[in-house]
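Chemist:
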Amino acid sequence: MADYGLAMAGGGTRGAAHVGVLSALEEAGLLPDRVAGASAGSIVAGLYASGMTIGDMRETVRWLIKHGRSMIDPDILGIALFLPQFLMGRETTLQGLIKGNRLQRFLCDLTDGLEIQGNCCKGLLVPAVDINSGDTVAFTNMFTEEIPLSALKQEHVKWERSGLLCDIMMSSSSVPAVFRPRQMNGFLLVDGGVTNNLPVDLLISAGEAKVIAVDIGEEYEMPHDYSIIETAFHSFSIMSRELKDCRSSGEILLLKPPMPKGAGLLTFECMEECMENGYVYTKKMIPRIRRVLERR
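Residue numbers (full-length UniProt numbering): 1 to 296.
Okay, structure coming up:
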């Protein structure tokens, strides 16, 4: 283990690249003591902090390549009611095209009902966004006592130290309009990437001195189709990219593995290539990572 924090960005099924990054770090003996992640990055961060082995994480990716589409549970009733409600000027009840219940159950099975506080074997920080207040809700187990002043000074951030790991990961991964928001700890939560897709600044404000950030975004390209899910995801990606550009000045080292063309929110068939790209890229970066981590 190495004494630093690893921040992992969101990006749909491109998040498999984070598993490849961790694989390369494991081979080099440089796995982090603490991790943070938004959206897809929160799932990899949560599984890592839960104690899942990197090998099991790779097998989980390969299972999702074959069976990931079975995790999609569309809100058929809500979709059916939406158009007449909209056309008649009534309040619409559709909160998201996908319920997210199957994915949440899958995450709960993987983490065996672990709580973020007391059950995780690594430091963890996961942002989600409360749509009632607009604030970032940062779930973490990194504070053993009182929340430090550096964290409290973060504007529009509320710190939470309790919750089921699977609920936290699902909340941080609920892309607006695609997944239903999640009710948790008195908040109504959506994807953490809405305000912080690469949570470097949150790690630093939580007291982390050395941070390596992994960005899995690509240079913007046209959607491969104009379905409502692709349009929503690309719109979200544009917003997250702009926010990330404003927030990424604090990282010690930024890793940016190349992503396959067309990889997006639900492109499960791209996950193996994303994972391999993350691994190969990070293997090449190991000498530079060592130099950064050896700085005092």
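Don't be surprised by glycine CBs; every beta carbon is placed ideally from N, CA and C.
1) When you compare the CB positions of tyrosine 279 and glycine 20, do they come within less than 8 Å of one another, or not?
2) Taking the straight line between their C-alpha atoms, what separation do you get for methionine 71 and arginine 62?
3) Which full runs of the alpha helix (DSSP H) of 4+ residues lie inside the segment 151–183, going along the chain?
4) If we count the other Cβ atoms within 10 Å of its Cβ and call it buried at 16 or more, is arginine 14 buried or exposed?
5) Just grab the DSSP bridge partners of phenylalanine 139 for me.
6) In the DSSP output, what is isoleucine 98 paired with across the bridge?
7) Counting Cβ pairs closer than 8 Å, one from the segment 197–207 and one from the segment 49–62, do we hit at least three?
8) Taking 6 Å as the limit between beta carbons, can you name the residues of its chain near threonine 267, skipping five residues before and five after?
9) How many Å lie between serine 23 and leucine 152 at the Cα?
10) Taking the alpha-carbon positions, what's the leucine 124 to glutamate 273 distance?
11) Here's a check: name, in chain order, each residue in its chain whose Cβ is nearer than 6 Å to the Cβ of arginine 161, leaving out the five neighbours to either side.
12) Nearest-angstrom Cα distance between residue 309 and asparagine 132?
13) My understanding is that glycine 193 touches glycine 10, with C-beta atoms under 8 Å, so please give their C-beta distance in whole angstroms.
14) Three-state secondary structure (DSSP) at glutamate 26?
15) Decide if histidine 18 is buried, meaning its Cβ has at least 16 other Cβ atoms within 10 Å, or exposed.
16) Just grab the DSSP bridge partners of glutamate 115 for me.
Modeler: Per the coordinate set shown:
1) Within the sequence shown, residue 279 is the residue found at index 279, counting from 1. Within the sequence shown, residue 20 is the residue found at index 20, counting from 1. Yes, these two residues count as a Cβ contact at 8 Å.
2) Residue mapping note: residue 71 aligns to position 71 of the sequence shown, counting from 1. Residue mapping note: residue 62 aligns to position 62 of the sequence shown, counting from 1. When rounded, the distance between both Cα atoms is 14 Å.
3) 165–172
4) Along the sequence shown, one-based indexing puts residue 14 at 14. The residue in question, arginine 14, is buried, as its Cβ has 16 or more Cβ neighbours within 10 Å.
5) Taking the sequence shown and counting its residues from 1, one reaches residue 139 at position 139. Paired residue(s): Val126, Glu160.
6) For this step, residue 98 is matched to residue 98 along the sequence shown. For isoleucine 98, which the question treats as bridged, DSSP gives the partners Pro74, Phe179.
7) The segment 197–207 vs the segment 49–62: no contact.
8) Residue mapping note: residue 267 aligns to position 267 of the sequence shown, counting from 1. Here the set comprises Thr13.
9) Position 23 of the sequence shown, counted from the first residue, corresponds to residue 23. Position 152 of the sequence shown, counted from the first residue, corresponds to residue 152. Spanning the two alpha carbons is a distance of roughly 34 Å.
10) Taking the first residue of the sequence shown as 1, we reach residue 124 at position 124. Taking the first residue of the sequence shown as 1, we reach residue 273 at position 273. Their Cα atoms are separated by approximately 27 Å.
11) For the purposes of this step, residue 161 is identified with residue 161 of the sequence shown, where counting begins at 1. Closer than 6 Å at the Cβ level, and outside the excluded window around arginine 161, lie Gln117.
12) What is shown of the chain runs 1 to 296, which leaves residue 309 out entirely.
13) If you number the sequence shown from 1, residue 193 lands on position 193. If you number the sequence shown from 1, residue 10 lands on position 10. The pair is a contact, with the Cβ atoms about 4 Å apart (cut-off 8 Å).
14) Numbered from 1 along the sequence shown, position 26 holds the residue referred to as residue 26. In the three-state DSSP reduction, glutamate 26 falls in the helix class (H, G or I).
15) Residue mapping note: residue 18 aligns to position 18 of the sequence shown, counting from 1. The residue is buried, with at least 16 neighbouring Cβ atoms inside 10 Å.
16) Here the question's residue 115 lines up with position 115 in the sequence shown. Note: glutamate 115 sits in a beta bridge opposite Leu164.
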